[in-house]
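Undergrad:
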């Protein structure tokens, strides 16, 4: 820890660390917190995608979550089939909601999370960059934002291309075809 180097010089009496919420931590408190965090999911990146079948009004959602826990990297993948979806955009909102539920089940709380998806509409509306005029979409936004507050997640939204989102897209398409998947695996250095 860099603080150790400062203390060794003898020119430092006390160090305080300020987190992103403006809370001050002593070195001892910070070390304890970092040790606790190691056993919890952290360094979380969540991908989401939704698909929609106009003929059947079925939706498919896919989510992939990468995270670290106990010095190991993991990937969690899942999808679900949904009924009574009205549009592709609604399927994208449902996919984001699905990823929020997965984060809650994983125990992700009080952490920054990076959300990546190819739905610029959803990400721009969640970030507040674009207004939302659709009543159905506003209901999804309200639900997602409430869950975000409940879990105390500090989001970063990163729109990506469809090609970069192929894993979540594939899961959403498989859900539309009735192939439901839930899997978790530890990633190796190459993975």
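In full-length UniProt numbering, the protein residues as written are 1 to 191. All C-beta atoms, glycine included, are put in the ideal place defined by N, C-alpha and C.
(1) Below 8 Å on the Cβ atoms is my guess for residue 47 versus residue 117; work out the distance and round it to an integer in Å.
(2) Please determine, among 179, 188, 189, 168, the residue with the shortest C-alpha to C-alpha distance to residue 65.
(3) Can you tell me which residues form a DSSP beta bridge with residue 74?
(4) Nearest-angstrom Cα distance between residue 70 and residue 79?
(5) What is the DSSP secondary structure of residue 81, reduced to helix, strand or coil?
(6) By DSSP, does residue 133 sit in helix, in strand, or in coil?
(7) When the Cα atoms are used, what is the spatial distance from residue 142 to residue 11?
(8) Assuming residue 82 and residue 109 form a contact by the criterion Cβ under 8 Å, report the distance between their Cβ atoms to the nearest whole angstrom.
(9) Assess contact between the stretch 146-166 and the stretch 113-130, defined as three or more Cβ pairs (one per stretch) separated by less than 8 Å. Is contact present?
(10) From the DSSP output, which residues share a beta bridge with residue 158?
(11) For the alpha helix (DSSP H) containing residue 91, name the first residue and the last one.
(12) When the distance is taken between beta carbons, is residue 133 closer than 7 Å to residue 85?
(13) Residue 184 to residue 26, Cα distance in whole Å?
(14) Considering just the uninterrupted stretch of the beta strand (DSSP E) at residue 46, what are its terminal residues?
(15) Between 21, 4, 20, which lies nearest to residue 13 when the distance is taken from Cα to Cα?
(16) Run the CB neighbour count on residue 19, radius 10 Å, all protein chains shown included, and call it buried at 16 or more, exposed below.
(17) Helix, strand or coil: how does DSSP classify residue 179 here?
(18) Roughly how many angstroms separate the alpha carbons of residue 94 and residue 44, rounded to a whole number?
TA: Quick look at the numbers:
(1) If you number the chain shown from 1, residue 47 lands on position 47. If you number the chain shown from 1, residue 117 lands on position 117. Rounded, the Cβ-Cβ distance is 6 Å, consistent with contact.
(2) Within the chain shown, residue 65 is the residue found at index 65, counting from 1. Nearest option by C-alpha distance: 168.
(3) Indexing the chain shown from 1 puts residue 74 at position 74. Partner(s): 67, 186.
(4) In the chain shown, residue 70 corresponds to position 70, counting from 1. In the chain shown, residue 79 corresponds to position 79, counting from 1. For residue 70 and residue 79, the distance between alpha carbons rounds to 26 Å.
(5) As a working mapping, residue 81 is identified with position 81 in the chain shown. Of the three classes helix, strand and coil, the one that applies to residue 81 here is strand, per DSSP.
(6) On the chain shown, position 133 is the one that residue 133 refers to. Three-state DSSP puts residue 133 in coil, outside helix and strand.
(7) The count along the chain shown starts at 1 and reaches residue 142 at position 142. The count along the chain shown starts at 1 and reaches residue 11 at position 11. Approximately 51 Å between the Cα atoms of the pair.
(8) For the purposes of this step, residue 82 is taken as residue 82 along the chain shown, with counting starting at 1. For the purposes of this step, residue 109 is taken as residue 109 along the chain shown, with counting starting at 1. Contact doesn't hold; Cβ gap of about 26 Å is too wide.
(9) yes
(10) The residue given as residue 158 occupies position 158 in the chain shown. Paired residue(s): 116.
(11) Along the chain shown, read from residue 1 onward, the residue named residue 91 stands at position 91. It spans 88-106 - the alpha helix (DSSP H) in which residue 91 sits, taken as one unbroken run.
(12) To locate residue 85, count along the chain shown from 1; it is residue 85. To locate residue 133, count along the chain shown from 1; it is residue 133. No; because the gap between Cβ atoms is not below 7 Å, this pair is not in contact.
(13) As a working mapping, residue 184 is identified with position 184 in the chain shown. As a working mapping, residue 26 is identified with position 26 in the chain shown. So the two alpha carbons sit approximately 36 Å from each other.
(14) Residue numbering aside, residue 46 sits at position 46 when the chain shown is read from its first letter. Start and end: 42-53.
(15) The sequence position of residue 13 within the chain shown is 13, counting from 1. The candidate whose alpha carbon is nearest that of residue 13 is 4.
(16) Translated into the one-based positions of the chain shown, residue 19 becomes position 19. Classification of residue 19: exposed, given that the 10 Å Cβ count is below 16.
(17) Within the chain shown, residue 179 is the residue found at index 179, counting from 1. Reduced to three states, the DSSP call for residue 179 is coil.
(18) On the chain shown, position 94 is the one that residue 94 refers to. On the chain shown, position 44 is the one that residue 44 refers to. Rounded to whole angstroms, residue 94 and residue 44 show a C-alpha spacing of 20 Å.
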